[in-house]
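Enquirer: So the sequence shown is residues 18 to 500, counted in the numbering used here. For every residue, glycine included, the Cβ atom is placed at its ideal position computed from N, Cα and C. Quick caveat, the model's predicted, so the values are computed rather than measured. Got a structure here, written out as C-alpha cells. Questions coming.
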Amino acid sequence: MGISSCDKYLDVNTDPNNPSEDNITAELVFPGLEMNLASSYGDFLKIAGGYFSEQYAQTFGTSNYLDYSQFTMSATRSSGTYIQLTSRVLKNLKVVRDLTSSKEEWGTYLAATTLWAFTYQVLVDAYGEIPYTEALDVTNVTPKFDDGITIYNGILADLDDALSKATPTSPVPSTFLFEDLNATKWIQFANALKLRILMRMSKVQDVKAQLDALTAENNFPTSDVAWAGFWTDASGQANPFYQEESASYFGSNQVNVIANLTLTTTMSESEDARLQKFFLPNKAANQYQGGVSGTNFAASATYKESYFCRPVSAYDDPVYLITVAETEFFLSEYAARYGSAADAETHYKAAITASFETAGATGAEKIYDTYYPYSNSNHEKVIGIQKWVALSGTNNFEAWVEMRRLKYPAFGSVTGTQIYNETTNVFNPGLYKSGTLYTPIKVNSVLGAEKVLQRFRYPESSTSRNPNAPADKPDSEPVFWGK
C-alpha cells in the first residue's frame with residue numbers, strides 16, 4: 018500500500034519520533050504526524066472504505082484489492098496502517114499534548130487534541146475495540162483493549178477540555194492543515210468532529226443535551242477541512258491516493274481501482290453532474306460504466322480495463338478530513354430526530370449544495386427537488402444515499418462508516434452473480450437498481466450474502482505479542498454505534 022514511504026512526504030526529514038529532549042517543539046513534531054495521518058487516511062483507509070462501501074470495484078486482471086472487493090480485511094492487511102496511526106501519529110500527538118499542556122499553550126493543545134480525537138475516532142470506527150486507557154505507555158507493552166464507547170466518551174472529554182481552554186485568538190503554529198496562527202479554525206474543526214462523534218453515539222447513549230448545546234452554538238467550519246494546497250507533482254510529495262493509483266514516479270502506475278456500477282448507475286439515472294467530477298469516462302466508449310464487486314474480470318476477453326471508468330485523481334487533490342456537506346448531513350439528521358422537518362430539509366439541501374460546490378459541479382437542485390427529495394418519515398434513507406454519493410468523491414472511509422450506521426444504501430434484490438456471470442461472460446448492468454447494494458460475486462465466506470463488512474479484524478501488529486488482546490469478533494458484528 019505504499020505506507021513505508023510516508024516519512025518522506027514533503028521532505029519532512031527530521032524524525033519526529035526521536036528528537037533530542039531539549040529540542041522538542043510542537044513545530045518540529047507536527048509536520049511528521051500530519052503527513053503520517055494524511056497518508057493513512059488519504060490512501061489505505063480511502064481505498065478500503067471505497068471497496069467496502071461498494072463505491073469501488075476491481076479492474077480487469079489485477080488482484081491488489083480483490084479481497085476488499087469481496088468484503089475481506091485480514092489481520093495482516095491493516096497492520097502497517099495501525100502502526101502508522103498509533104506509533105507515528107498518536108504517540109507524537111501525546112508528546113505535543115503533554116508539552117503544550119505543561120506550557121499552557123492552549124491553542125496548540127487544542128490542535129493536537131483535535132487530531133488525537135480524530136485518529137481515535139477512525140480507529141474505533143475501523144476496529145471497534147483498541148487499546149486506549151493503557152495505550153501509548155512505554156512501560157506497558159501488553160495494553161488491554163477498550164470498548165468503543167469508552168474510547169468515544171474519552172475523546173469527547175478530551176475535546177471538551179481543550180475547547181474550554183482555547184479561545185479564537187489563542188496562538189497556534191502554522192500547520193499543513195491550517196496556515197492561520199490562531200485557533201479559530203481549529204475550534205470549528207473540533208466542533209464538527211464532536212458533531213460526528215455525538216451523532217454516531219446518539220442511538221446507543223443519550224447525548225441529546227450535548228447535541229443541543231453544540232448545534233445551538235453553531236460554530237462549524239465554513240469551508241472543507243482538508244490537507245490541500247501544498248501537494249506537488251513529485252514522489253513523496255503528491256496526494257497519497259494519486260501516488261498509489263495514478264502516478265508513474267517509479268516507472269509505471271498501478272491500475273486497480275475502478276468505479277462501481279452502484280455509483281455510475283445511481284448518479285447517471287439521477288442526472289448527477291458530480292459523476293463527471295468524481296470519475297473519468299471509460300476509454301472504450303467515453304461512457305460512465307462501473308464494475309462489479311467480487312471479481313476482477315480476469316477470464317473475460319471483453320471487459321478489460323478500458324471498459325470501466327476510473328476515479329478522477331490528481332497530484333494536488335485535497336485529503337479531506339471533514340467537509341461542509343458531511344456536517345450539514347449530520348445537522349439534517351439531528352433536526353429530523355430532535356427538531357423540525359423544515360430545518361432538516363434545509364440542512365439536507367445545504368448538504369447536497371455544498372457537495373456540488375466542493376466537486377465544482379452545478380445542478381444540486383435537480384437532486385433534492387426531483388430525484389431524491391427530502392422525506393422526514395424516511396430521512397435515514399434519503400440522507401444515507403445522498404451522503405454515500407457525496408462522500409464517494411471526498412471521503413470513502415467515512416462513507417463506509419455512515420453506510421453501516423444509517424443502514425443505507427440497503428441491499429436490493431439483485432446479486433453480483435446476476436449482474437455478471439463469470440462463466441458465460443454475460444454482463445447485465447441494467448439489472449441493478451439505483452441507490453442499492455448487492456452481494457459481491459465472490460464474497461467473504463464468514464460474512465455471507467446481503468451483509469456489509471462491519472469491522473476490520475484486529476491488526477496482527479497489535480495482537481501477536483499481546484496476551485491481553487481479545488479474540489477476533491465476527492466480521493458481521495457491528496462496532497458499538499452500529500448495533
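Please classify residue 43 as buried or exposed, where buried requires at least 16 other C-beta atoms within 10 Å of its C-beta.
Expert: The residue labelled residue 43 in the question sits at position 26 within the sequence shown. So residue 43 counts as buried.
Enquirer: Give the secondary structure of residue 205 by DSSP, where H, G and I count as helix, E and B as strand, and everything else as coil.
Expert: By 1-based counting over the sequence shown, the position of residue 205 is 188. Three-state result, residue 205: helix.
Enquirer: Could you name the residues of the same chain whose beta carbon sits closer than 6 Å to that of residue 276, not counting the 5 residues immediately before and after it, in chain order?
Expert: Looking up residue 276 in the sequence shown gives position 259. 296, 307, 326, listed in sequence order.
Enquirer: Using alpha carbons as the reference points, say which of 266, 200, 252, 221 lies closest to residue 238.
Expert: Taking the sequence shown and counting its residues from 1, the one referred to as residue 238 is at position 221. Nearest option by C-alpha distance: 200.
Enquirer: Should residue 220 be labelled buried (16 or more other beta-carbon atoms within 10 Å of its own) or exposed?
Expert: Translated into the one-based positions of the sequence shown, residue 220 becomes position 203. With fewer than 16 Cβ atoms within 10 Å of its Cβ, residue 220 is classed as exposed.
Enquirer: By alpha-carbon positions, which one of 498, 463, 484 ends up nearest to residue 89?
Expert: In the sequence shown, residue 89 corresponds to position 72, counting from 1. Of the listed residues, the one whose Cα sits closest to residue 89 is 463.
Enquirer: Is there contact here, the stretch 307-323 with the stretch 91-102, by at least three beta-carbon pairs under 8 Å?
Expert: no
Enquirer: What residues in its chain sit with their C-beta under 7 Å from that of residue 286, if we drop five residues either side in the sequence?
Expert: Along the sequence shown, one-based indexing puts residue 286 at 269. Apart from sequence neighbours up to five positions away, the residues of its chain that approach residue 286 with a beta-carbon distance below 7 Å are 451, ordered along the chain.
Enquirer: For residue 499, which residues from the same chain have a beta carbon less than 7 Å from its beta carbon, with the 5 sequence-adjacent residues on both sides left out?
Expert: Translated into positions along the sequence shown, residue 499 becomes position 482. Excluding positions up to five away in sequence, the list reads 421, 422, 471.
Enquirer: Between 167, 126, 210, 170, which has its C-alpha nearest residue 182's C-alpha?
Expert: Counted from its first residue, the sequence shown places residue 182 at position 165. Of the candidates 167, 126, 210, 170, the one whose C-alpha sits nearest the C-alpha of residue 182 is 126.
Enquirer: Is DSSP giving residue 133 helix, strand or coil here?
Expert: Within the sequence shown, residue 133 is the residue found at index 116, counting from 1. Residue 133 falls in the helix class under three-state DSSP.
Enquirer: With a threshold of 16 other CB atoms inside 10 Å of the CB of residue 482, please say whether the residue is buried or exposed.
Expert: The count along the sequence shown starts at 1 and reaches residue 482 at position 465. Flag for residue 482 reads exposed.
Enquirer: Rounding to the nearest angstrom, what Cα-Cα distance links residue 404 and residue 209 in this structure?
Expert: Within the sequence shown, residue 404 is the residue found at index 387, counting from 1. Within the sequence shown, residue 209 is the residue found at index 192, counting from 1. Going from the Cα of residue 404 to the Cα of residue 209 covers about 16 Å.
Enquirer: Between the Cα of residue 429 and those of 417, 411, 152, 455, spot the shortest distance and give me the residue it belongs to.
Expert: Walking along the sequence shown from the start, residue 429 turns up at place 412. Closest option to residue 429, judged by alpha-carbon separation, among 417, 411, 152, 455: 455.
Enquirer: Quick check: the Cα distance between residue 315 and residue 410, rounded to an integer number of angstroms?
Expert: Against the sequence shown, residue 315 aligns to sequence position 298. Against the sequence shown, residue 410 aligns to sequence position 393. Residue 410 has its alpha-carbon roughly 27 Å from the corresponding atom of residue 315.
Enquirer: Using a Cβ-Cβ cutoff of less than 8 Å, which residues in the same chain neighbour residue 203 once the five nearest sequence positions on both sides are dropped?
Expert: As a first step, residue 203 must be located in the sequence shown, where it is residue number 186. Counting only Cβ-Cβ distances below 8 Å, and skipping sequence neighbours, we find 124, 127, 128, 131, 183, 189, 195.
Enquirer: Measure how close the beta-carbons of residue 73 and residue 274 come, nearest whole angstrom, since I'm counting them as under 8 Å.
Expert: Locating residue 73 in the sequence shown gives position 56, where the first residue counts as 1. Locating residue 274 in the sequence shown gives position 257, where the first residue counts as 1. 5 Å between Cβ atoms; contact.
Enquirer: So if DSSP puts residue 518 in a beta bridge, which residue, or which two residues, is it bridged to?
Expert: A question about residue 518 goes unanswered here, because the residues of the chain that appear run from 18 up to 500.
Enquirer: Exposed or buried, what is residue 380 when buried is set at 16 or more other beta-carbons lying within 10 Å of its beta-carbon?
Expert: The residue you call residue 380 lines up with position 363 of the sequence shown. Result: exposed.
Enquirer: My parser needs the beta strand (DSSP E) runs of 3 or more residues fully inside the stretch 256-338; what are they?
Expert: Listed in chain order, the beta strand (DSSP E) elements of length 3 or more contained wholly in the stretch 256-338 are 274-276.
Enquirer: When you compare only the Cα positions, how much space is there between residue 372 and residue 293?
Expert: As a working mapping, residue 372 is identified with position 355 in the sequence shown. As a working mapping, residue 293 is identified with position 276 in the sequence shown. Each residue's alpha carbon lies about 13 Å from the other.
Enquirer: From residue 353 to residue 383, what does the alpha carbon distance come to, in whole angstroms?
Expert: Here residue 353 refers to the residue found at position 336 when the sequence shown is read from its first residue. Here residue 383 refers to the residue found at position 366 when the sequence shown is read from its first residue. Residue 353 and residue 383: Cα-Cα distance of roughly 22 Å.
Enquirer: Relative to the C-alpha of residue 434, which candidate in 311, 392, 361 has its C-alpha closest?
Expert: In the sequence shown, residue 434 corresponds to position 417, counting from 1. Answer by Cα proximity: 311.
Enquirer: Should residue 229 go down as buried or exposed, given a rule of 16 or more other Cβ atoms within 10 Å for buried?
Expert: For the purposes of this step, residue 229 is taken as residue 212 along the sequence shown, with counting starting at 1. Residue 229 is exposed by the Cβ-count criterion.
Enquirer: Could you tell me the alpha carbon to alpha carbon distance between residue 374 and residue 413, rounded to whole angstroms?
Expert: As a position in the sequence shown, residue 374 is number 357, starting the count at 1. As a position in the sequence shown, residue 413 is number 396, starting the count at 1. Roughly 18 Å separates the two Cα atoms.
Enquirer: Measuring CA to CA, which of 225, 331, 206 is closest to residue 344?
Expert: Taking the first residue of the sequence shown as position 1, residue 344 is located at position 327. For the residues 225, 331, 206, the minimum Cα distance to residue 344 belongs to 206.
Enquirer: In terms of alpha-carbon separation, which member of 246, 215, 145 lies closest to residue 192?
Expert: Position 175 of the sequence shown holds residue 192. Answer by Cα proximity: 246.
Enquirer: Could you pull out every residue in the same chain whose Cβ sits closer than 6 Å to the Cβ of residue 133, ignoring the five residues on either side in sequence?
Expert: For this step, residue 133 is matched to residue 116 along the sequence shown. 110.
Enquirer: How is residue 432 classed by DSSP in three states: helix, strand or coil?
Expert: One-based indexing of the sequence shown puts residue 432 at position 415. If DSSP states are grouped into helix, strand and coil, residue 432 belongs with coil.
Enquirer: From residue 26 to residue 368, what distance separates their C-alpha atoms?
Expert: Counting from 1 along the sequence shown, the entry for residue 26 is found at position 9. Counting from 1 along the sequence shown, the entry for residue 368 is found at position 351. Unreliable positioning characterises residue 26 in this predicted model, as indicated by a pLDDT of 49, which lies under 50. A coordinate reading is not provided.
Enquirer: Apart from the five residues on each side of it in sequence, which residues of its chain come closer than 7 Å, Cβ to Cβ, to residue 157?
Expert: Walking along the sequence shown from the start, residue 157 turns up at place 140. The answer, listed in chain order, is 151.
Enquirer: Where do the ends of the alpha helix (DSSP H) carrying residue 359 lie?
Expert: In the sequence shown, counting from the first residue as 1, residue 359 sits at position 342. First-last of the alpha helix (DSSP H) with residue 359: 358-376.
Enquirer: Is residue 152 helix, strand or coil by DSSP?
Expert: Here residue 152 corresponds to residue number 135 of the sequence shown, with the count starting at 1. Looking at residue 152 - three-state DSSP - the assignment turns out to be coil, as it is neither helix nor strand.
Enquirer: Count the other C-beta atoms from every protein chain shown that fall within 10 angstroms of the C-beta of residue 447, then say buried if there are 16 or more, exposed otherwise.
Expert: As a position in the sequence shown, residue 447 is number 430, starting the count at 1. Counting Cβ neighbours within 10 Å, residue 447 comes out exposed, since fewer than 16 surround it.
Enquirer: Quick check: the Cα distance between residue 370 and residue 342, rounded to an integer number of angstroms?
Expert: Here residue 370 refers to the residue found at position 353 when the sequence shown is read from its first residue. Here residue 342 refers to the residue found at position 325 when the sequence shown is read from its first residue. In a straight line, the C-alpha of residue 370 is about 8 Å away from that of residue 342.
Enquirer: Candidates 162, 135, 144: which alpha carbon is nearest residue 175's?
Expert: As a working note, residue 175 is residue 158 in the sequence shown. Nearest C-alpha to residue 175: 135.
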